[in-house]
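Here the structure is laid out as structure tokens; the discussion comes afterwards.
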Amino acid sequence: LGPRSINQPRIRTDSPNIVRPSGSTTTMQRCTTSDLTFSQCRFPHCKFRRPSLTGVRVHEQRSHKAFFDRLQAEVIRNQTSKKKPRWTEEEKNLLALAQANLIIEEETNIIDDLVSKFTYRTKDALKSQIRKPEHKTRVSEFTLAIQAHIDNIMLPAPVPIATDPLQVSCNFKDRAKDYIDTLEPITSTKFYLDELEALCDNICIWPTRLLITTVESYIRKLFKTTSTLKPAQKLHNPSNRNLPKRQLRRMEYGKTQKLWKKNPCRAIKTIIDDKDCKSPPEREAMTQYWKTTFSSKKRTCPQYEPRESTKTQLWEPVTIEELHCCHLEMTTSPGPDGITVRQLYLVPEQLLVRILNLLMACGKMPDSFLESKTTLIPKKPNSTEPGDFRPITVQSVLVRQLNKILAARVAQHIPLDERQRGFRPVDGVAHNIFELDMILRCHRSEFRDLRLASLDIAKAFDSITHNTIEDTMEVRGFPKPMINYIMACYRRSKTRFTFNGWISDTVKPTCGVKQGDPLSPILFNLVMDRMIRKLPKEVGVNVGSKHYNGLTFADDLLLFATTPEGLQSSIDIVHLFLLECGLLINKQKSFVLTVKAYPKLKKTAVIVTEKYMLDRHILPAIDREKLFHYLGVPFTAEGRCRDDTIAHLKRKIDVLTKAPLKPQQRLFALRVVILPSCYHILTLGGSNLSLLKKIDLMVRAAGRKWCCLPKDTPNAYFHASSRDGGLGLPSMRWLIPLHRYLRLLRYEGRNPEDTNVYLTTEINRAKIRLSDNGSNIDCQAKLWQFWADRLYKSVDGSALIESSKVPQQHRWATGGSRFLTGRDFINSIKLRINTLPTLSRTLRGREGNRMCRGGCYNVETLHHVLQVCHRTNGTRVKRHNAIRQYIARGAAVKFDTVEREPRIKSASGAVNIPDLVACNSDEVVVIDTQIVWDQANLDEAHQAKAEKYAHLSDILKHKYSRDRVKFTSVTLSFRGLWSKQSLKELTDLGIVNSKDIQIISTRAIIGGIASFRMFNSTTSVNSVNSFLEIALG
12 LGPRSINQPR IRTDSPNIVR PSGSTTTMQR CTTSDLTFSQ CRFPHCKFRR PSLTGVRVHE
72 QRSHKAFFDR LQAEVIRNQT SKKKPRWTEE EKNLLALAQA NLIIEEETNI IDDLVSKFTY
132 RTKDALKSQI RKPEHKTRVS EFTLAIQAHI DNIMLPAPVP IATDPLQVSC NFKDRAKDYI
192 DTLEPITSTK FYLDELEALC DNICIWPTRL LITTVESYIR KLFKTTSTLK PAQKLHNPSN
252 RNLPKRQLRR MEYGKTQKLW KKNPCRAIKT IIDDKDCKSP PEREAMTQYW KTTFSSKKRT
312 CPQYEPREST KTQLWEPVTI EELHCCHLEM TTSPGPDGIT VRQLYLVPEQ LLVRILNLLM
372 ACGKMPDSFL ESKTTLIPKK PNSTEPGDFR PITVQSVLVR QLNKILAARV AQHIPLDERQ
432 RGFRPVDGVA HNIFELDMIL RCHRSEFRDL RLASLDIAKA FDSITHNTIE DTMEVRGFPK
492 PMINYIMACY RRSKTRFTFN GWISDTVKPT CGVKQGDPLS PILFNLVMDR MIRKLPKEVG
552 VNVGSKHYNG LTFADDLLLF ATTPEGLQSS IDIVHLFLLE CGLLINKQKS FVLTVKAYPK
612 LKKTAVIVTE KYMLDRHILP AIDREKLFHY LGVPFTAEGR CRDDTIAHLK RKIDVLTKAP
672 LKPQQRLFAL RVVILPSCYH ILTLGGSNLS LLKKIDLMVR AAGRKWCCLP KDTPNAYFHA
732 SSRDGGLGLP SMRWLIPLHR YLRLLRYEGR NPEDTNVYLT TEINRAKIRL SDNGSNIDCQ
792 AKLWQFWADR LYKSVDGSAL IESSKVPQQH RWATGGSRFL TGRDFINSIK LRINTLPTLS
852 RTLRGREGNR MCRGGCYNVE TLHHVLQVCH RTNGTRVKRH NAIRQYIARG AAVKFDTVER
912 EPRIKSASGA VNIPDLVACN SDEVVVIDTQ IVWDQANLDE AHQAKAEKYA HLSDILKHKY
972 SRDRVKFTSV TLSFRGLWSK QSLKELTDLG IVNSKDIQII STRAIIGGIA SFRMFNSTTS
1032 VNSVNSFLEI ALG
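In terms of the working numbering, the sequence shown has 490 at position 479, counting the first letter as 1, and numbering is strictly consecutive.
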């Protein structure tokens, strides 16, 4: 960088206080101090200086990128001003296309017209290019293509060819009647089957109006619908200013726990994402703004295009298989008619299919089902303008169910351009981000020109004209009955806006698609697909073997070109098409990026001097330092870059720490909501290992603080899976590279022919990040095993090695359950990882007396305190009895009689007292409970306990007059781990179910906590052991 030939002559002086000439930004200053000569940065007011000129140039390029680009462009332009610019491949294609259009229009003075279009080229240069044989070949190819397109437009629409016997019939009612007759009869005595049978029998006889009225009446009678569109009553909250802080805290805690009980994830998002509008817009302003947006007077549609053949398979009777594949989510809100998804699916499938086919036979929905409510949801925190809200329209569940089936048919039978990746069953976000990053980086590294335009469509979903939707369906070959049905749903629909407790008057939308309807995304995609296909193929950039002239994700549009003329032509085409659709481009949110390359000098510069017009306005240009976001990921002209993720994460963790939640709820929120919200930007953005390790440190610090864990708690305990005995907090250091690696592999597998150096490099880089001592962690199972091995190799976690045998026993630790108090949960977590403050634990790594404080001649370990020490004998008995009592309640449900601690004499006269003896009609089951130490083999301990009373088999058969006797045990460790064999036998007997597993596990742990508290609060000392200790010195 910075060779002497492209810079101003250096200024040398003996004075160290040289002053920069005013107005000069290209003069390099040299300051001499003793024997050293310093070069100073040319950026105004920058005091950076170094002895090396190269170091200063590197500083300018990294710290003042836009300033450095301007200097580079100026210097290089001076060097290359006398050289003629070369003809690029895109420019040659544009010239040939322009000449072909002039030939089709039968223009006589072609050269003069071309000179007026290509103003940066001289007339002689154009003549020289036109004379070349390859140019003449291009012109002839373009001429033939344009003429063929014109001839195709003039042809009539092709007649559909019926290949299926059902498609020969032109009457949908007949086909629906034939299909309904093939369905199994409904055997239930409910659901007003007589009326339904009359409807199905007369589907071909009754006129449409009578059929619609009768179907609407039957559905209302079936679901007992009532209108739910009532004004929300805002409760009057009394002033809380005079209440004590403790009472306010309790009120807030109660409100939060109530939200948590309904929906934990929604409660967390309510706490974290503060989108409550402190100063929302007035009702009149909101209503007027959205009424104007929804009631546009535009009736325009794009120019005529050739019609595709009619796809009659789109309008066929609904089958049960389609209903299975297109179920609505159970959390979907009901419409104004009050029908919920749960009510809808309580109806038998054969009945629901009949209702949907009856609605299709009507050809349009009843007017009452087309009423909807539009909820205005803020897009960002503290939204103050009406345009800062997103309208979500919710209509009847029946309408959404039928439209989802129709949308699935359209997606299956009508192909879309691969450049549109929104609302499609592909990882479109990752694909578009990978490709944009690849384009930016490849052009920078290969020193090639790049022009990029990002166009933001204003209110795209809410402003598109209904005529455009109808014309698009005709172009793509929708059957006429289906077009009539969809357009009737739009033109006869009514809605009312609701926000902040108020509901507006009824509004009749005349434009836009309904955000919230399953059919809306596919209709919008079809319109955008027409625009994408109009983009000139001659314009664009090449990366490897693939050509890019645009990337689209729903209404987010990126255009690419090599020359200014190519990019301007693409912008004009898009702008004209959107105007015909009733859409406008938001000029304030749109921008252009120009990367000028100088291959001979091995340099690139981002310039802002090129002007691109949009409706007589100049689009803003960004420089190298300007940050822009695409699909939530930050980019610059150099590619994807890092975002301030740590600051956002720290803010959310701080909010969670102060929120009125239990520790287990905070851990649940961190694992399920907060950390997953960072996956997108970390996986697809410019994250490095240093950033990911810092996030892991922050996560572990939060976990230690919430659970009051010591600093020497094994890191693997935080990141190991819950089924392996850990807390299940994701480790970003390993999880993010794994996510990126898997998504890159999916992208490569979907586009195997487009593999290039960039993609291979990114895959190899992610693979290197996932290597650990020669092994590759290339799947989630290996990552879980990686952390489990680390946990089991630690001193405190070695006793959890059998955790994965019974995954259900750990739900209490990771499920955010509320049946444990915060204090009990913290102590349970400590006991599980052996961090309760015993002498052996607190004196780890230091000198001191580790003998039991109770006078026992043993080291004071957690095992000794909970299992051996005389101080905790009473609490150990209570722990045992609590588990026995719980098992007895479960056995009482399954068995006829349950005896607690019966006294049974053996043949030798010894008295045996098992915990439980349960009797059924043909079997006796002996159950004994035990809590063993943490290093024991649980299955072996269970087997030994089960065999303890085996010698009583004949005595029990005789006493209870049963033919069979079974011996089993309830075996757990004091850390709450189940013996797998013991649990299997109890489950087979029906004594324990899946819900009981975690409850019994926590009872064992809480019993251990009570023992530890008793040990610390007791002052008694074993006198015999104390005497021996004194005697032995």
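Think of the CB as a built atom: it goes at the ideal place given N, C-alpha and C, for glycine as much as any other residue.
Contact check, residue i vs residue j, beta carbons under 8 Å
i, j, result
"His75", "Phe54", "yes"
"Gly577", "Thr479", "no"
"Gly696", "Leu842", "no"
"Gln361", "Ile197", "yes"
"Thr846", "Arg855", "no"
"Glu996", "Thr979", "yes"
"Gly439", "Phe564", "yes"
"Arg895", "Asp926", "yes"
"Phe602", "Phe639", "yes"
"Ala680", "Ser732", "no"
"Ser984", "Ala947", "yes"
"Lys322", "Pro490", "yes"
"Ala902", "Ile1008", "no"
"Asp707", "Trp795", "no"
For residue i, three-class secondary structure by DSSP
i, result
"Asn182", "coil"
"Asn553", "strand"
"Trp513", "strand"
"Cys215", "coil"
"Cys522", "strand"
"Leu254", "coil"
"Asn923", "strand"
"Lys272", "helix"
"Phe305", "helix"
"Pro176", "Confidence is the limiting factor: at Pro176 the pLDDT is only 36, short of 50, which leaves the residue's position unreliable and the question unanswerable from this model."
"Ser465", "strand"
Whole-angstrom distance between residue j and residue i, CA atom to CA atom
i, j, result
"Pro255", "Gly265", "16 Å"
"Glu429", "Pro721", "53 Å"
"His891", "His691", "48 Å"
"Ile915", "Asn860", "46 Å"
"Lys778", "Pro748", "8 Å"
"Lys804", "Leu740", "19 Å"
"Val329", "Ile416", "8 Å"
"Glu10", "Leu463", "This structure gives no information on residue 10, because the portion of the chain shown stretches from 12 to 1044."
"Val437", "Leu339", "20 Å"
"Phe588", "Met542", "7 Å"
"Lys58", "Gln51", "7 Å"
"Leu221", "Asp192", "21 Å"
"Asp175", "Leu738", "Only weak support exists for where Asp175 lies, its pLDDT of 41 falling under 50; the coordinates are left without a value."
"Leu355", "Pro520", "27 Å"
"Asp945", "Cys689", "37 Å"
"Val904", "Asp654", "58 Å"
"Cys1047", "Ile444", "For the chain, the structure presents residues 12 to 1044; residue 1047 sits outside this window and is missing."
Counting Cβ pairs, one atom from each stretch, are 3 or more of them under 8 Å apart for the segment 543-554 and the segment 270-283? Output reads no: the segment 270-283 does not touch the segment 543-554.
With a floor of 4 residues, list each alpha helix (DSSP H) that falls wholly inside the segment 931-973, ordered by position along the chain. Uninterrupted alpha helix (DSSP H) stretches at least 4 residues long and entirely within the segment 931-973 occur at 949-957, 964-971, given in chain order.
Per the contact definition of three or more C-beta pairs closer than 8 Å, is the segment 859-870 in contact with the segment 880-893? In short, these stretches touch, since the Cβ pair count reaches three.
On the three-pair Cβ rule with 8 Å, is the segment 140-160 touching the segment 106-113? In short, these stretches touch, since the Cβ pair count reaches three.
Please determine if the segment 357-376 and the segment 397-412 are in contact, where contact requires at least 3 C-beta pairs separated by less than 8 Å. Proximity of the segment 357-376 to the segment 397-412 meets the contact definition, three or more beta-carbon pairs being nearer than 8 Å.
Any chance you could list the alpha helix (DSSP H) runs of at least 4 consecutive residues sitting entirely within the segment 721-772, in chain order? The segment 721-772 contains these whole alpha helix (DSSP H) runs: 726-730, 743-761.
Evaluate contact between the segment 824-834 and the segment 667-684, counting only Cβ atoms and requiring at least three cross-stretch pairs below 8 Å. Verdict: yes, contact present.
Which ranges would you report for the beta strand (DSSP E) in the segment 873-916 if only whole runs of at least 3 residues count? The qualifying runs are 908-911.
Counting pairs of Cβ atoms below 8 Å between the segment 594-601 and the segment 64-73, do you hit three or more? Counting Cβ pairs under 8 Å, fewer than three are found: no touch.
Is the segment 297-307 touching the segment 393-407, taking contact as three or more C-beta pairs under 8 Å? With a cut-off of 8 Å, the segment 393-407 and the segment 297-307 count as touching, because enough Cβ pairs lie within range.
Kindly provide the ranges of any alpha helix (DSSP H) runs that are 4 or more residues long and lie completely inside the segment 332-379, ordered along the chain. Qualifying alpha helix (DSSP H) stretches, in chain order: 352-357, 360-373.
Cβ contact (3+ pairs, closer than 8 Å) linking the segment 963-970 and the segment 992-1008: As far as the Cβ criterion goes, the segment 963-970 does not touch the segment 992-1008, which means the pair count is below three.
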